[in-house]
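Chemist: Take this structure, written in structure tokens, and hold onto it; I'll ask about it next.
There are 2 protein chains.
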Amino acid sequence: MDLFEALFTRRSIRKFTSEPVSDADLDKILKAAMLAPSAHNCQTWRFIVVRDAAVKAEIAKRHPYAKMAEQAPVVIVVCGDTTAEKNAGFWVQDCSAAMENLLLAARGLNIGTVWCGLHPIEDRAAIVRELLGIPGHIMPLGLAVLGHTDQPFFEADRYVASKVHYDKW
Amino acid sequence: MDLFEALFTRRSIRKFTSEPVSDADLDKILKAAMLAPSAHNCQTWRFIVVRDAAVKAEIAKRHPYAKMAEQAPVVIVVCGDTTAEKNAGFWVQDCSAAMENLLLAARGLNIGTVWCGLHPIEDRAAIVRELLGIPGHIMPLGLAVLGHTDQPFFEADRYVASKVHYDKW
Numbered sequence: 001m002d003l004f005e006a007l008f009t010r011r012s013i014r015k016f017t018s019e020p021v022s023d024a025d026l027d028k029i030l031k032a033a034m035l036a037p038s039a040h041n042c043q044t045w046r047f048i049v050v051r052d053a054a055v056k057a058e059i060a061k062r063h064p065y066a067k068m069a070e071q072a073p074v075v076i077v078v079c080g081d082t083t084a085e086k087n088a089g090f091w092v093q094d095c096s097a098a099m100e101n102l103l104l105a106a107r108g109l110n111i112g113t114v115w116c117g118l119h120p121i122e123d124r125a126a127i128v129r130e131l132l133g134i135p136g137h138i139m140p141l142g143l144a145v146l147g148h149t150d151q152p153f154f155e156a157d158r159y160v161a162s163k164v165h166y167d168k169w
Numbered sequence: 170m171d172l173f174e175a176l177f178t179r180r181s182i183r184k185f186t187s188e189p190v191s192d193a194d195l196d197k198i199l200k201a202a203m204l205a206p207s208a209h210n211c212q213t214w215r216f217i218v219v220r221d222a223a224v225k226a227e228i229a230k231r232h233p234y235a236k237m238a239e240q241a242p243v244v245i246v247v248c249g250d251t252t253a254e255k256n257a258g259f260w261v262q263d264c265s266a267a268m269e270n271l272l273l274a275a276r277g278l279n280i281g282t283v284w285c286g287l288h289p290i291e292d293r294a295a296i297v298r299e300l301l302g303i304p305g306h307i308m309p310l311g312l313a314v315l316g317h318t319d320q321p322f323f324e325a326d327r328y329v330a331s332k333v334h335y336d337k338w
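Protein chains in written order, with our numbering: chain U, 1 to 169; chain W, 170 to 338.
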């Protein structure tokens, strides 16, 4: 797929077919995620691939905006390892860039995705911390809920000229 | 350009030719940035396109890792508008995803980029806040320094199997 087709047609998909996501596709998606830039190249991202139906159902029940996780074949929890940072706090940016690569790579494989936020809402991060046994130094950033879909992808345009300033604010 | 070529060969470029970045390329890059996902679709990103040589030189002088900004044709300051948020703090993730789209779109146009961090290091964010007159509710996330380059792009592999967990940490 063309880069700009992926950039311009990626959108949040919340309905998935029952077709499984192959290990090959998942590996390619995670490879792309790990090629994001990171502060001081610390690559603080970590991933938990959840296919367990009971865990997905529990995430869907507890997270206010992740109902679709129950019927999605895969949920990937993107986390940051705070002990891998050189400068405290940059893990959020590292992991957000990795998440965006992950979503785009999935789009390139015709796999739909939606990013459901966790951090910095502590009780939302606590849902997956408890369910998945995530230790204290690992911070859950967000969920990528993904699967094949029969929903359409189409080009959006959110360009707003007033959001661009030139040479000064 | 193929999506996966862009994802797999984007890397930090710190040497630029004197060729200007066209307005058409810049618009396409910013359009891609504004198509990133954002929490509750708040699209909190804002951009300052800096071409002023004196400002770029001053950024290069004051930021410890942005010496290349002086000879780069363009520096884009990616900022978040905290008054546009529904849930406080998500602007960092919105703007990091927009930054990653920006870097990938530039790669697709054979324009080199490097992301220089500002937030959450307050005195670094203060450099551009002061130089560009950025108001208090607008948070500078980071700099995208960009330009055409004669440096090579090549495929990297940073996949680390131990960073992927399955069904539990």
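Don't be surprised by glycine CBs; every beta carbon is placed ideally from N, CA and C.
If contact is defined by three or more beta carbon pairs under 8 Å, each pair taking one atom from either stretch, is the region 216 to 225 of chain W in contact with the region 245 to 256 of chain W?
Modeler: Segments in contact, yes.
Chemist: So what does Y335/W bridge to, in DSSP terms?
Modeler: Answer by DSSP bridge pairing, in chain order: V49/U.
Chemist: Are there three or more Cβ pairs, one per stretch, closer than 8 Å when the region 81 to 96 of chain U is compared with the region 54 to 61 of chain U?
Modeler: No contact exists between the region 81 to 96 of chain U and the region 54 to 61 of chain U.
Chemist: When the distance is taken between beta carbons, is M268/W closer than 9 Å to A238/W?
Modeler: Cβ atoms of A238/W and M268/W: not closer than 9 Å.
Chemist: When DSSP labels each residue in this structure, what does T318/W get in the three-state scheme?
Modeler: T318/W falls in the coil class under three-state DSSP.
Chemist: For the alpha helix (DSSP H) that contains V128/U, what are its first and last residues?
Modeler: Run containing V128/U: E122 to L132, per the alpha helix (DSSP H) assignment.
Chemist: What does DSSP give as the partner residue(s) for V283/W in the beta ladder?
Modeler: V314/W.
Chemist: Does any C-beta atom of chain W lie closer than 9 Å to the C-beta of D64/U?
Modeler: Before going further, note that residue 64/U is Pro rather than Asp in the sequence given. Output row for P64/U: interface = no.
Chemist: Between which two residues does the alpha helix (DSSP H) containing D23/U stretch?
Modeler: Where D23/U is concerned, the enclosing alpha helix (DSSP H) stretches over D23 to A33.
Chemist: Compute the Euclidean distance between the alpha carbons of M34/U and Q93/U, then round it to the nearest angstrom.
Modeler: Taking the straight line joining both Cα atoms gives about 13 Å.
Chemist: Do we get a CB-CB distance below 9 Å when we pair Q71/U with the residues of chain W?
Modeler: It does not; no Cβ of chain W falls within 9 Å.
Chemist: Do the CB positions of G302/W and K31/U come within less than 9 Å of each other?
Modeler: No.
Chemist: Throw me the rounded Cβ distance for the G316/W and V190/W pair, which I believe falls under 8 Å.
Modeler: Their Cβ separation, rounded to whole angstroms, is 6 Å, which keeps G316/W and V190/W in contact under 8 Å.
Chemist: Span of the alpha helix (DSSP H) holding D326/W?
Modeler: Note, D326/W: premise wrong, no alpha helix (DSSP H); not H, not E.
Chemist: Would you say V194/W lies against chain U (beta-carbon separation less than 9 Å)?
Modeler: The sequence shown places Asp at residue 194/W, not Val. Not one chain U Cβ lies under 9 Å of D194/W.
Chemist: Quick one, which residues of the region 275 to 293 of chain W are near chain U if we go by CB-CB under 7 Å, in chain order?
Modeler: For the region 275 to 293 of chain W, which is checked against every Cβ of chain U, the residues closer than 7 Å are G277, W284, G286, P289 and I290.
Chemist: With 9 Å as the threshold, decide whether the Cβ of Q100/U is near any Cβ in chain W.
Modeler: Per the sequence shown, residue 100/U should be read as Glu rather than Gln. Yes - at least one Cβ of chain W is within 9 Å of the one on E100/U.
Chemist: In the region 198 to 228 of chain W, which residues sit with their C-beta less than 7 Å from some C-beta in chain U, listed in chain order?
Modeler: Hits within the stretch, in order: L199, K200, A201, M203, L204, A205, P206, A208, Q212, W214, R215, F216, I217, V218, V219, R220, D221 and V224.
Chemist: Could you please give me the residues that DSSP links to E309/W through a beta bridge?
Modeler: Residue 309/W is actually Pro in this sequence, not Glu. C248/W.
Chemist: Between the alpha carbons of R231/W and S187/W, how many angstroms are there, rounded?
Modeler: Distance between the alpha carbons of R231/W and S187/W: 22 Å.
Chemist: Which residues does DSSP list as the beta-bridge partners of S12/U?
Modeler: In the DSSP output, where bridge partners are listed per residue, S12/U has T113/U.
Chemist: Can the beta-carbon of S96/U be found less than 9 Å from the beta-carbon of A266/W?
Modeler: A contact, by the Cβ cut-off of 9 Å.
Chemist: Evaluate contact between the region 172 to 184 of chain W and the region 124 to 138 of chain U, counting only Cβ atoms and requiring at least three cross-stretch pairs below 8 Å.
Modeler: The answer is no - the region 124 to 138 of chain U does not touch the region 172 to 184 of chain W, with fewer than three Cβ pairs under 8 Å.
Chemist: Just mark H137/U as buried or exposed, buried being the case when its beta carbon has 16 or more other beta carbons within 10 Å.
Modeler: It counts as exposed.
Chemist: Please confirm if I13/U has its CB atom under 9 Å from at least one CB of chain W.
Modeler: Closer than 9 Å: no.
Chemist: From F4/U to A274/W, what does the alpha carbon distance come to, in whole angstroms?
Modeler: The alpha-carbon atoms of F4/U and A274/W are separated by roughly 7 Å.
Chemist: Between the region 142 to 153 of chain U and chain W, which residues of the former have CB atoms less than 8 Å from a CB of the latter, in chain order?
Modeler: Answer in chain order: G142.
Chemist: Within 10 angstroms of its Cβ, does T213/W collect 16 or more other Cβ (buried), or is it exposed?
Modeler: When all chains shown are included, T213/W counts as buried.
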